Amino acid sequence: MVMGLGQATAADFPTRPIRLIVHFPAGSSTDVIARTFGESVSKKLGQQIIIDNKPGADGSIAANELKRSAADGYTIMLATNSAMSGVPATRKTPPYDVTTDFTPITEIGRYNFFLYVSKDVPAKNLKELIAYAKANPGKLAYGSGNITGRLAFASVVAANNLDVTPVPYKGEPPAITDLITGRIQAMVATSGTGLPQVKDGKILALATILEKRSAAAPDVPTIAEAGFPDFKIEPWAGLFGPPNMPRDIVALLNNAFKEAMSDPAVKQRMAEQDFTLTPSTPEDLGALVKRQLDIHRKMVSVAGIEIIE
1 MVMGLGQATA
11 ADFPTRPIRL
21 IVHFPAGSST
31 DVIARTFGES
41 VSKKLGQQII
51 IDNKPGADGS
61 IAANELKRSA
71 ADGYTIMLAT
81 NSAMSGVPAT
91 RKTPPYDVTT
101 DFTPITEIGR
111 YNFFLYVSKD
121 VPAKNLKELI
131 AYAKANPGKL
141 AYGSGNITGR
151 LAFASVVAAN
161 NLDVTPVPYK
171 GEPPAITDLI
181 TGRIQAMVAT
191 SGTGLPQVKD
201 GKILALATIL
211 EKRSAAAPDV
221 PTIAEAGFPD
231 FKIEPWAGLF
241 GPPNMPRDIV
251 ALLNNAFKEA
261 MSDPAVKQRM
271 AEQDFTLTPS
281 TPEDLGALVK
291 RQLDIHRKMV
301 SVAGIEIIE
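In structure tokens form, the structure reads like this:
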């Protein structure tokens with residue numbers, strides 16, 4: 001990941017609105033995070049942050065657009081491990097090189113994901129779900145709205161040799177709708193998407209994939225407590241620019257988004273999303289991407305996920 005000197009400087013930046021690309025659909029957890037930060041950062045910079053949703057292809061459509069954009073700070077992207085670690089790990093010929101084709105700005109935070117099931121499934125915990133799937137081969141379908149969700153559930157499937165059907169979606173909102181209606185029977189998704197439905201009694205949460213129980217659902221066990229201690233994916237979101245962004249503009253945006261993390265309105269909204277804020281340096285974000293790429297590649301292999309040509 002390269003930060004160049006370029007021609008543009010932060011002296012007068014920004015003089016016009018900034019486009020913030022989001023590789024998930026409107027209504028998704030990442031979209032909510034982007035819009036919350038966009039409102040706060042707009043006030044700090046004196047220019048509007050325009051959210052541009054470009055879902056599909058696990059984030060590679062949006063990432064490729066960012067890659068081709070001018071490195072002037074007016075096009076940036078709120079990206080997750082789906083686009084920055086998952087895509088390179090699941091493509092035979094990745095559409096971009098995450099180490100050189102983007103400029104890291106700052107990590108934004110960490111998501112919490114839960115494994116959810118339809119109320120039609122006779123399972124109150126993960127062991128019961130696995131037992132039911134084994135007793136009913138081919139009967140269950142699981143959805144995924146991102147690579148994290150897909151890898152997480154596929155890991156459970158592979159570890160238990162289950163015969164279930166994966167159903168990919170362009171984002172979590174349509175998948176959670178199908179989970180509620182029973183078109184699919186299980187999925188791994190973010191807190192922001194799934195927990196409101198759990199609280200409304202529409203679906204059940206069987207486990208969280210993080211190392212610690214969530215304050216938003218303290219009675220739900222971790223996936224390690226449920227029997228899978230080796231799960232290593234850290235679902236994260238970070239801010240990136242095109243390659244070779246000027247260092248002073250990177251520093252300005254890094255500072256603006258870090259300041260937004262102290263905004264009480266932002267902190268409250270992120271708590272509601274069960275999203276932990278984790279500001280960082282650009283260098284630390286770059287290191288996170290590389291570390292998680294290695295982990296994703298290992299998990300893709302272990303889970304037996306087919307590499308896309």
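Heads up, the sequence shown stops at 309 in UniProt numbering, and the numbers go up one at a time, no gaps. By construction, the Cβ of each residue, glycine as well, lies at the ideal position given by its N, Cα and C atoms. Predicted, not measured: the structure shown is a model, and the values here were computed from it.
Sequence-distant residues of the same chain with beta carbon closer than 8 Å to residue i, five excluded per side
i	result
I76	I18, R19, L20, I21, L66, I105, L239, F240, G241, L253
A303	L151, A154, S155, V157, A158
K199	none
Y132	V121, P122, A123, L140
E128	P122
K202	K119, I180
V2	Residue placement at V2 cannot be trusted, given a pLDDT of 48 that sits under 50; the coordinates are not used to answer.
L5	For L5, the predicted model reports a pLDDT of 43, less than 50, meaning its position is unreliable; a value from the coordinates is still stated below. Closer than 8 Å at the Cβ level, and outside the excluded window around L5, lie P246, R247.
Identified DSSP bridge partners for residue i
i	result
V22	N53, L78
F240	M77, P104
P166	Y142
L45	Partner(s): none; L45 has no beta bridge.
A207	L115
G109	A237, L277
DSSP three-state assignment for residue i, whether helix, strand or coil
i	result
I261	The sequence given here has Met at residue 261, not Ile. Looking at M261 - three-state DSSP - the assignment turns out to be coil, as it is neither helix nor strand.
M3	Because M3 sits at a pLDDT of 47, beneath the cut-off of 50, its placement in the model cannot be relied upon, and the following sentence gives the value as read from the coordinates. In the structure shown, M3 sits in coil (DSSP, three-state: anything other than H, G, I, E or B).
G227	coil
M187	strand
V220	coil
residue 312	Outside the modelled stretch of the chain, which goes from 1 to 309, sits residue 312, for which no answer is possible.
V117	strand
A70	coil
T15	coil
T93	coil
R247	helix
A34	helix
G304	coil
P196	helix
V98	coil
R213	coil
E172	helix
P282	helix
S28	coil
G201	coil
P88	helix
L293	helix
N161	coil
E128	helix
G182	coil
E309	coil
Spatial neighbours of residue i in its chain, beta-carbon cut-off 6 Å, leaving aside the 5 residues before and after
i	result
A83	H23, G59, A63
I223	A207, I209, F231
V167	A141, G143, I184
E172	S28, G145, A189, T193
D120	G182
V289	M84, V98
R91	I308
P94	P88
Any non-hydrogen atom of the ligand ATP within 7 Å of residue i CB
i	result
D294	Of the ligands one can find in the structure shown there are none, so the ligand ATP has no counterpart to examine.
Contacts around residue i, its chain only, beta-carbon distance under 7 Å, and the 5 residues preceding and following it disregarded
i	result
K212	T222
Legend entry - the stretch 288 to 303 touching the stretch 52 to 61, judged by at least three CB pairs closer than 8 Å: no
Inset, instruction - State whether the stretch 32 to 52 contacts the stretch 213 to 232, with contact taken as three or more CB pairs (one from each stretch) at a distance under 8 Å. - result: no
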